[in-house]
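Participant:
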Amino acid sequence: MPTPAVTSTELLYRQVGPGGNPLFFDESRASVLHQSLFTPTDNDSDGLSLIRSIYRSEVWAAHRIENPSAQFRLARSIADDLIRIATSVGFSALNFDISPDGLDNLHGEPFAHCTIREINRTDYNASHTQKKRIKEWAFAVVSRLTKSDISAHYSIPMTSDAYRP
Amino acid sequence: MPIELEPRRMYLHRAITSTHDSSSFTATSTNTIASESGQEISPAWDASIEALWKCRDNCGQLNESDYPRPSKSAIQAAIAWLVFLKRQNTQLIPSFVAPSPEGGIIVDRCYTSPGGHDHVSEMIFLNDGSAEKTEYIDGKIKSMQPIPMLPPTNMHREQTASINC
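First to last, the sequence lines map onto chains A and B. For the first sequence, position 82 matches number 63 in the numbering used here, and the numbering has no gaps at all. To convert a position in the second sequence, counted from 1, into the numbering used here, add 1129.
1) 8 angstroms is my cut-off, CB to CB: does residue 90(A) come that close to chain B?
2) Chain A partners of residue 1262(B), CB-CB under 9 angstroms?
3) Is there a Cβ from chain A that is less than 8 angstroms from the Cβ of residue 1280(B)?
4) Hey, residue 75(A) and residue 59(A): beta-carbon distance below 8 angstroms or not?
5) Taking residue 1199(B) as the reference, give the member of 112(A), 70(A), 0(A) with the closest Cα.
6) Could you name the residues of the segment -9 to 7 of chain A whose beta carbon sits closer than 8 angstroms to any beta carbon of chain B, in the order they occur along the chain?
7) Extract the residue ranges of the beta strand (DSSP E) inside the segment 52 to 140 of chain A, only unbroken runs of 3 or more that lie entirely within it.
8) Quick check on this structure: which residue in 119(A), 138(A), 123(A) has the alpha carbon closest to the alpha carbon of residue 21(A)?
9) Do you know how far the Cα of residue 1260(B) is from the Cα of residue 31(A)?
10) Can you tell me the Cβ-Cβ gap for residue 1195(B) and residue 89(A), rounded? I've got them flagged as a contact below 8 angstroms.
11) Got a sec? Which residues, its chain only, sit under 8 angstroms from residue -10(A) by beta carbon, not counting five neighbours each side?
12) Could you name the residues of the segment 1213 to 1246 of chain B whose beta carbon sits closer than 7 angstroms to any beta carbon of chain A, in the order they occur along the chain?
13) Using a Cβ cut-off of 8 angstroms, pull out every chain A residue sitting near residue 1268(B), in sequence order please.
14) I'd like the list of long-range same chain contacts for residue 139(A), defined as Cβ closer than 8 angstroms, with 5 residues on each side in sequence excluded.
15) Along chain A, in chain order, which residues have C-beta atoms closer than 7 angstroms to that of residue 1177(B)?
16) Sorted by chain position, which residues of the same chain lie with C-beta nearer than 6 angstroms to residue 1294(B)'s C-beta, five sequence neighbours on each side aside?
17) Is there a C-beta anywhere in chain B that falls below 8 angstroms from the one on residue 57(A)?
18) Distance cutoff 8 angstroms, beta carbons only. Does residue 1209(B) sit that close to anything in chain A?
19) Would residue 16(A) be called buried (16 or more neighbouring beta carbons within 10 Å of its own) or exposed?
20) Measuring only between beta-carbons, confirm whether residue 1273(B) sits less than 8 angstroms from chain A.
21) What does DSSP give as the partner residues of residue 1184(B) in its beta bridges?
Next comes the structure, spelled out in structure tokens:
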């Protein structure tokens, strides 16, 4: 089955790796996650990666075959919230592009991995204005997250774990 | 229509990353100590600096990270800036220190003004030897500019204080 487009009501996961664990933090004065975790890196030239919850179970969404020993957490967002935040900081829209990752290539369509086209590293590096817009978007996204939006402590998935919900 | 951002929530990294960050340092912003001059200095300064020293001396602990390991020069730059800023005793107190997804160190300092405005100063020291500071007020970027990798020397401190506050 061809992969349908992302809908505004979809629940999306952002993988948060152990590398983002703080060395120091003040519990009383900052967000659940840091804005850098929603800022594109050099690996995100085509956009910020997200996993669609309707096509991949949580335990598999927290896994990367390219880095199987890393324990990822999952930050949950609704597509429409990400779009609304984007328009509030000056984007005209957000486009979610379907782009298969390693697990998608193993399991086939419908693909679970997608990228947010506008939140990409090329634009981030291209101009002060675009970088500012992307950073404000990331800041606003993490400011809205609560503890209940983050899940952790996933074990490495077994073949017996359901891949699709 | 622009959305209204919710108030920044309690910092919950400790609960979320309990399996990863046993070495993290924490501090509460309400506890302060008096400096020799009688001014109150938050323990967050020393706790964040100590966390960076520990990171510098134990880089091997980050071997399994999904991030590029922060370089010693990036860590030392972050320490140097925090030591410098602590002497300035600015209102912006360290709230978060972590490895950057780009490779390097992130230092956030924050402050809520009497008027209720949230100020966040984010400094990023990258492994490539560059550094940048971004100032947010209520989630909007007020300035974003490169900064020297190392803070000003004593001779130039007063002249350059404006970029540090």
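For every residue, glycine included, the Cβ atom is placed at its ideal position computed from N, Cα and C. Keep in mind the model is a prediction, meaning the values are calculated, not measured.
Facilitator: Walking through what the data contain:
1) no
2) Near residue 1262(B) there are no residues of chain A at all, since even the closest Cβ is about 12 angstroms away, more than 9 angstroms.
3) no
4) no
5) 0(A)
6) -2, -1, 0, 1, 2, 3, 4, 5, 6, 7
7) 54 to 59, 77 to 79, 94 to 97
8) 119(A)
9) 28 angstroms
10) With a Cβ gap of about 26 angstroms, residue 1195(B) and residue 89(A) do not count as contacting.
11) 59, 60, 61
12) 1223, 1224, 1225, 1226, 1227, 1228, 1229, 1230, 1231, 1235, 1237, 1239
13) 117, 120, 121, 124
14) none
15) 5
16) In this predicted model, residue 1294(B) has a pLDDT of only 39, less than 50, meaning its place in the structure is not dependable; the value taken from the coordinates is given anyway. Counting only Cβ-Cβ distances below 6 angstroms, and skipping sequence neighbours, we find 1219.
17) no
18) no
19) buried
20) yes
21) DSSP output for residue 1184(B) lists no bridge partner at all.
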